[in-house]
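Chemist: Before we start, here is the structure in question, set down as structure tokens.
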Amino acid sequence: MGRIASEALIERLADWGVDTVFGLPGDGINGIMEGLRRHQDRVRFVLVHHEEAAAFMATAHAKATGRIGVCLATSGPGGIHLLNGLYDAKLDHMPVLAITGMQETSLLGTGYQQEVNLDKLYADVAEYDQMIYNPAQLPSVVDNAVRTACARRGVAHITVPNDIQVADADADPWQHVAPARSPATAPVMALAPGRPCQDDLERVAGLLNEGGKTAILAGAGALHAREELLAVAETLAAPIVKTLSGKAAVPDDSPFTTGGIGLLGTRPSEELMEQIDTLFMVGTNFPCTRHLPAPGKVRVAQIEADPARAGGRLPTEVPVVGDAKLALQGLLPLLKQRTDISFLEDCQGKMDKWRRSMAALADPGRDPIAPQYVVSVLDELADDDAVLACDSGTIATWAARHWGIRGGRGFFLSGNLATMAPGLPYALGIQRAFPQIRWASALGGTPARLRVNLPLRPSCTRPRTGRPRSLLARRLSGCWTSAFGRVCLGECRALTMPRMGRALCEGHSHPGCRGWEHRPRGGGHCRP
Ligand SMILES: Cc1ncc(C[n+]2csc(CCOP(=O)(O)OP(=O)(O)O)c2C)c(N)n1
777 MGRIASEALI ERLADWGVDT VFGLPGDGIN GIMEGLRRHQ DRVRFVLVHH EEAAAFMATA
837 HAKATGRIGV CLATSGPGGI HLLNGLYDAK LDHMPVLAIT GMQETSLLGT GYQQEVNLDK
897 LYADVAEYDQ MIYNPAQLPS VVDNAVRTAC ARRGVAHITV PNDIQVADAD ADPWQHVAPA
957 RSPATAPVMA LAPGRPCQDD LERVAGLLNE GGKTAILAGA GALHAREELL AVAETLAAPI
1017 VKTLSGKAAV PDDSPFTTGG IGLLGTRPSE ELMEQIDTLF MVGTNFPCTR HLPAPGKVRV
1077 AQIEADPARA GGRLPTEVPV VGDAKLALQG LLPLLKQRTD ISFLEDCQGK MDKWRRSMAA
1137 LADPGRDPIA PQYVVSVLDE LADDDAVLAC DSGTIATWAA RHWGIRGGRG FFLSGNLATM
1197 APGLPYALGI QRAFPQIRWA SALGGTPARL RVNLPLRPSC TRPRTGRPRS LLARRLSGCW
1257 TSAFGRVCLG ECRALTMPRM GRALCEGHSH PGCRGWEHRP RGGGHCRP
């Protein structure tokens, strides 16, 4: 077999800098697997055991690297399985390309086995959605798919019939009767300029300079703007409230943050929303408006990357379109230093109290210990650049409040879709992009059973007494798996405290450590 169309597909992906494809083979993509095999030096294939995980991994790849994530599934059921992870990408505005197989062109419309019109099925999730009928469409369709996913920050889908996958890469079997010739495009992406115009920045500064009690609400769009956020907060003496997806925007121990907002947020953030005169939204389209000031009650300025979303949550006096980091850099010289810092100090006092109450929940002296303790141990032991990938459910509350952002730490979860069980695939996907990184996955009990087939009742015993942990153990089951990180999924079989401790220790490179003893605050003690 000479050079096949699937090679044109994979080569073009590699030209775009794609180095990883997450997926699960099937007869509907044998040709594409062959294309991957022939170009394994440029693009590696990462095998999953359920296509949903491949889509989560591709989404996490995009979240962690800022580059497009790619997943691959076979025709019919494989493509259907991708959907939950693809909606996760769509709702969190991540560029992801899904490639699926399709029945042979000669069979389309005949009701052949596994024939599902995936292009129609994906019409809602995908910004770009294209079937390949002729190898000549490649590689231009790849260019358009990648460009569209990146430009619109969403999902693109290419579906390739079996016969086209293995057709001669240069075949163009049809006579051309229309004036167009085969398309030839460039694998380049020219991003719109990110710095808002000076007039807009001056309008924002005008509002903020006379803003009274001001708070900043920072979201995922501000994750790369930490330094600027802190500088603006200091200038305006304004506390920073963080959405859950924007948790890593500034460190949790910063005097300028009151932590999260919403169901999993902090009391000081909640109270602050009732007191402020001005809200400055940066890189967020936070959907839970119940936790924001009532419409019209405060003045609002917003920096938002997508014009379609600017002003879309609250009546906004000054909506500005641009990149958060560049916008804040342009804004800083226009802001006046606030001299009245009493509002910020009031928030800081409330945060001290809140942090003490959270520490009390995580106190190992409690009997039985609370799940928060387990996350706090993980928090203490993990490196300053470790990543936590978290499931939806109660586990997200514990992770939101007890996993502290410091240094280069990351925090990822299914933000807007809040779908179940992305934690483990997220972590594995991120590890593929950054093999040196230490990661942990905070699994909920149900997701843990889903992903790693945990027994319904993990055998948990109290470390010293050996008594069964019963109900608490069940609540903790997911949380305990959070310890595994780079360790060993086999450990999930019996979730006893010493085992969790050992996993933590090994994950933290303590060679020879066999067990774990609990000490009041100050962490655990590693037994050789
Ligand atoms: C695909 C999907 N199914 C169902 C839900 C609803 N849901 C949200 S969290 C959750 C349970 C998570 O499991 P677990 O961690 O065991 O439960 P918890 O401790 O939160 O009670 C469920 C079923 C969801 N968000 N996504």
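In this text, residue positions in the sequence shown follow the numbering used here: the first is 777, and each later residue adds one. Ideal Cβ positions, reconstructed from N, Cα and C, are used throughout, including at glycine.
(1) Beta carbon of Ala-1103: closer than 7 Å to some heavy atom of ligand 1?
(2) When DSSP labels each residue in this structure, what does Val-901 get in the three-state scheme?
(3) Can Gly-861 and Phe-832 be called in contact, C-beta distance under 8 Å?
(4) Measure the C-alpha to C-alpha separation of Asp-1167 and Cys-1064 and round it to an integer number of angstroms.
(5) Hey, could you find the ends of the alpha helix (DSSP H) Thr-876 is sitting in?
(6) Are the beta-carbon atoms belonging to Leu-1102 and Gly-982 less than 8 Å from one another?
(7) Does DSSP put Asp-976 in a helix, a strand or coil?
(8) Hey, is the segment 1001–1013 in contact with the segment 1125–1138, meaning 3+ C-beta pairs nearer than 8 Å?
(9) In whole angstroms, give me the CA-to-CA distance for Pro-911 and Ala-943.
(10) For the candidate residues Asp-975, Glu-1093, Asp-1161 and Ser-916, whose alpha-carbon lies nearest to that of Glu-787?
(11) Taking 8 Å as the cut-off, does the segment 1137–1154 touch the segment 1099–1119 (at least 3 CB pairs, one atom from each stretch)?
(12) For my contact list, Ala-849 and Thr-876 are in at a C-beta cut-off of 8 Å; report their separation, rounded to the angstrom.
(13) Rounded to whole angstroms, what is the Cα-Cα separation between Leu-897 and Leu-823?
(14) On the three-state DSSP scale, how would you describe Phe-1119?
(15) Using a Cβ-Cβ cut-off of 6 Å (strictly less than) and excluding sequence neighbours within five positions of Asp-919, which residues of its own chain qualify?
(16) Sorry if obvious, but does the Cβ on Val-1171 come closer than 7 Å to a heavy atom of ligand 1?
(17) Could you have a look at Thr-849 and say whether DSSP puts it in helix, strand or coil?
(18) Which of the three DSSP states, helix, strand or coil, is assigned to Ser-958?
(19) Check whether the Cβ atoms of Ala-945 and Glu-783 lie closer than 8 Å to each other.
(20) Per DSSP, what kind of secondary structure is Ser-1217 in: helix, strand or coil?
(21) Mapping DSSP to helix, strand and coil, what is Glu-1093?
(22) Would you check if the segment 843–857 and the segment 786–800 touch, i.e. whether three or more CB-CB distances between them fall below 8 Å?
(23) In this structure, how does DSSP classify Ile-934 when only helix, strand and coil are distinguished?
(24) Check whether the segment 1056–1075 touches the segment 988–996, counting contact only when three or more Cβ pairs, one atom from each stretch, lie closer than 8 Å.
(25) Closer than 7 Å: is that where the CB of Thr-1033 sits relative to any heavy atom of ligand 1?
(26) From Ala-1175 to Ala-1216, what distance separates their C-alpha atoms?
(27) Roughly how many whole angstroms lie between the Cα atoms of Leu-1068 and Met-1049?
(28) Can you find a CB in chain C that lies within less than 8 Å of the CB of Ser-1021?
(29) Between the Cα of Ala-1024 and those of Leu-1189, Glu-828 and Ala-1070, spot the shortest distance and give me the residue it belongs to.
(30) Near Gly-1220, which residues of its chain fall below 6 Å by C-beta distance, leaving aside the five closest residues on each side in sequence?
(31) Measure the beta-carbon distance from Ala-1165 to Ile-1206 and round it to whole angstroms, keeping in mind my assumption that it falls under 8 Å.
(32) Leaving out the 5 sequence neighbours to the left and right, which residues in its chain are closer than 8 Å to Trp-950 when beta-carbon positions are compared?
(33) When burial is assigned at 16 or more other CB atoms within 10 Å of the CB, is Asp-975 buried or exposed?
(34) Quick check on DSSP: helix, strand or coil for Val-1058?
(35) Tell me which same chain residues have a C-beta within less than 6 Å of the C-beta of Gly-1298, skipping the five on either side of it?
(36) Give me the Cα-Cα distance between His-837 and Ala-954, rounded to the nearest whole angstrom.
Modeler: Straight from the coordinates:
(1) Here residue 1103 refers to the residue found at position 327 when the sequence shown is read from its first residue. Result no, Cβ not under 7 Å from ligand 1.
(2) As a working note, residue 901 is residue 125 in the sequence shown. Here Val-901 sits in coil by DSSP.
(3) Mapped onto the sequence shown, residue 861 falls at position 85. Mapped onto the sequence shown, residue 832 falls at position 56. If you check the CB distance, Gly-861 and Phe-832 come in under 8 Å.
(4) If you number the sequence shown from 1, residue 1167 lands on position 391. If you number the sequence shown from 1, residue 1064 lands on position 288. Roughly 19 Å separates the two Cα atoms.
(5) As a working note, residue 876 is residue 100 in the sequence shown. Segment 872–878 is the beta strand (DSSP E) holding Thr-876; no alpha helix (DSSP H) there.
(6) Within the sequence shown, residue 1102 is the residue found at index 326, counting from 1. Within the sequence shown, residue 982 is the residue found at index 206, counting from 1. A distance of 8 Å or more separates the beta carbons of Leu-1102 and Gly-982.
(7) By one-based count along the sequence shown, residue 976 stands at place 200. Helix at Asp-976.
(8) Result no; under three Cβ-Cβ pairs closer than 8 Å.
(9) Along the sequence shown, one-based indexing puts residue 911 at 135. Along the sequence shown, one-based indexing puts residue 943 at 167. Cα to Cα, the separation comes out at about 7 Å.
(10) Sequence index remark: in the sequence shown, residue 787 carries index 11 (1-based). Of the candidates Asp-975, Glu-1093, Asp-1161 and Ser-916, the one whose C-alpha sits nearest the C-alpha of Glu-787 is Ser-916.
(11) no
(12) For this step, residue 849 is matched to residue 73 along the sequence shown. For this step, residue 876 is matched to residue 100 along the sequence shown. About 5 Å; that satisfies the 8 Å criterion.
(13) Within the sequence shown, the letter at position 121 stands for residue 897. Within the sequence shown, the letter at position 47 stands for residue 823. Cα to Cα, Leu-897 sits roughly 24 Å from Leu-823.
(14) Mapped onto the sequence shown, residue 1119 falls at position 343. Helix at Phe-1119.
(15) Looking up residue 919 in the sequence shown gives position 143. For Asp-919, where only same-chain residues beyond five positions count, the Cβ hits under 6 Å are Thr-961 and Pro-963.
(16) Here the question's residue 1171 lines up with position 395 in the sequence shown. Reading the sequence as shown, one finds Ile at residue 1171 and not Val. Indeed, a heavy atom of ligand 1 lies less than 7 Å from the Cβ.
(17) Along the sequence shown, read from residue 1 onward, the residue named residue 849 stands at position 73. Per the sequence shown, residue 849 should be read as Ala rather than Thr. Of the three classes helix, strand and coil, the one that applies to Ala-849 here is strand, per DSSP.
(18) For the purposes of this step, residue 958 is taken as the residue at position 182 of the sequence shown. Coil at Ser-958, not helix or strand.
(19) As a first step, residue 945 must be located in the sequence shown, where it is residue number 169. As a first step, residue 783 must be located in the sequence shown, where it is residue number 7. Taking 8 Å as the Cβ cut-off, Ala-945 and Glu-783 qualify as a contacting pair.
(20) Position 441 of the sequence shown, counted from the first residue, corresponds to residue 1217. If DSSP states are grouped into helix, strand and coil, Ser-1217 belongs with the strands.
(21) Position 317 of the sequence shown, counted from the start, is the residue given in the question as residue 1093. Glu-1093 sits in coil when the DSSP states are folded into three classes, being neither helix nor strand.
(22) yes
(23) Locating residue 934 in the sequence shown gives position 158, counting from the first residue. DSSP places Ile-934 in strand when its eight states are reduced to three.
(24) yes
(25) Position 257 of the sequence shown, counted from the start, is the residue given in the question as residue 1033. Checking every heavy atom of ligand 1 against the Cβ of Thr-1033, none is found closer than 7 Å.
(26) Within the sequence shown, numbered from 1, the residue matching residue 1175 stands at position 399. Within the sequence shown, numbered from 1, the residue matching residue 1216 stands at position 440. Taking the straight line from one Cα to the other gives about 11 Å.
(27) Position 292 of the sequence shown, counted from the start, is the residue given in the question as residue 1068. Position 273 of the sequence shown, counted from the start, is the residue given in the question as residue 1049. Each residue's Cα considered, the two are about 6 Å apart.
(28) The displayed structure is made up of one protein chain only, and chain C is not part of it.
(29) Your numbering for residue 1024 matches position 248 in the sequence shown. Looking at the Cα atoms, Leu-1189 is the closest of the given residues.
(30) As a first step, residue 1220 must be located in the sequence shown, where it is residue number 444. Result list for Gly-1220: Asp-1167, Gly-1169, Ile-1171 and Gly-1254, in chain order.
(31) Position 389 of the sequence shown, counted from the start, is the residue given in the question as residue 1165. Position 430 of the sequence shown, counted from the start, is the residue given in the question as residue 1206. Sure, about 7 Å apart at Cβ, within 8 Å.
(32) By 1-based counting over the sequence shown, the position of residue 950 is 174. Contacts found: Asn-910.
(33) Reading the sequence shown from its first residue, position 199 is the one you call residue 975. Asp-975 is exposed by the Cβ-count criterion.
(34) The count along the sequence shown starts at 1 and reaches residue 1058 at position 282. In the structure shown, Val-1058 falls within a strand segment according to DSSP collapsed to helix, strand and coil.
(35) One-based indexing of the sequence shown puts residue 1298 at position 522. Confidence in Gly-1298 is poor, its pLDDT being 31 and thus under 50, which makes the residue's placement too unreliable to answer from.
(36) Along the sequence shown, read from residue 1 onward, the residue named residue 837 stands at position 61. Along the sequence shown, read from residue 1 onward, the residue named residue 954 stands at position 178. If I take the Cα positions, the gap works out to 41 Å.
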